[in-house]
Amino acid sequence: MPQPKLDTSLFDQLAAAFAAVPKDVVGLARIERKARENGATDPLDGYMVLGACAAVRGDAEASVRNHEASLRVAPARLEVWCNYLTSLILLGESARVRHLAFEIGKRFPANPNAHSAGMNALIELGLLQS
């Protein structure tokens, strides 16, 4: 059965807000508000965007909480795991990155994209040499 397409528009807006110097805190707040609204009808999208927003703000606890909720909603979707991994990289959570990278490899053993995501995450934080 095909997976529903993930709406990436809020992630695109989040990337723009994060890239702005100084950070666009108003834009970030607007994205979080929209993610909460969307979460009423699409919990997966809401949790993933809120987890990413929390990572941008440097709030590891809120990021992990939202990403763990997204995994409960859709544990079989690789992009959910990769979104979580990206947030952990942004937060500099080396131990959690290492654990999640190996977990992704175990859960998606035949998926080369899963292995690539895990290895790239480990390289990004200097936990593995390329």
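All residue numbers for the sequence shown refer to my numbering, where the first residue is 21 and numbers rise by one. All C-beta atoms in this analysis are idealised placements derived from N, C-alpha and C, irrespective of residue type, glycine included. Remember, it's a predicted structure, so these values are computed and weren't measured experimentally.
Cα-Cα separation between residue i and residue j, rounded to whole angstroms
| i | j | result |
| --- | --- | --- |
| G78 | A72 | 10 Å |
| N86 | H135 | 23 Å |
| A37 | V76 | 9 Å |
| P63 | A49 | 18 Å |
Exposure label - residue i; buried when at least 16 CB within 10 Å
| i | result |
| --- | --- |
| V100 | buried |
| S29 | exposed |
| E81 | exposed |
| A96 | exposed |
| D32 | exposed |
| N103 | buried |
| E20 | Residue 20 falls outside the range modelled here, since the chain spans only 21 to 150, and no answer is possible. |
Cβ-based neighbour list, residue i, same chain, cut-off 6 Å, excluding 5 preceding and 5 following
| i | result |
| --- | --- |
| R118 | L147 |
Pair within 7 Å by beta-carbon distance, residue i and residue j
| i | j | result |
| --- | --- | --- |
| I124 | G112 | no |
| A74 | I109 | no |
| V69 | A55 | yes |
| L120 | L105 | yes |
Beta-carbon contacts of residue i that lie in its chain and below 8 Å, excluding the five residues immediately before and after
| i | result |
| --- | --- |
| L91 | V100, W101, Y104 |
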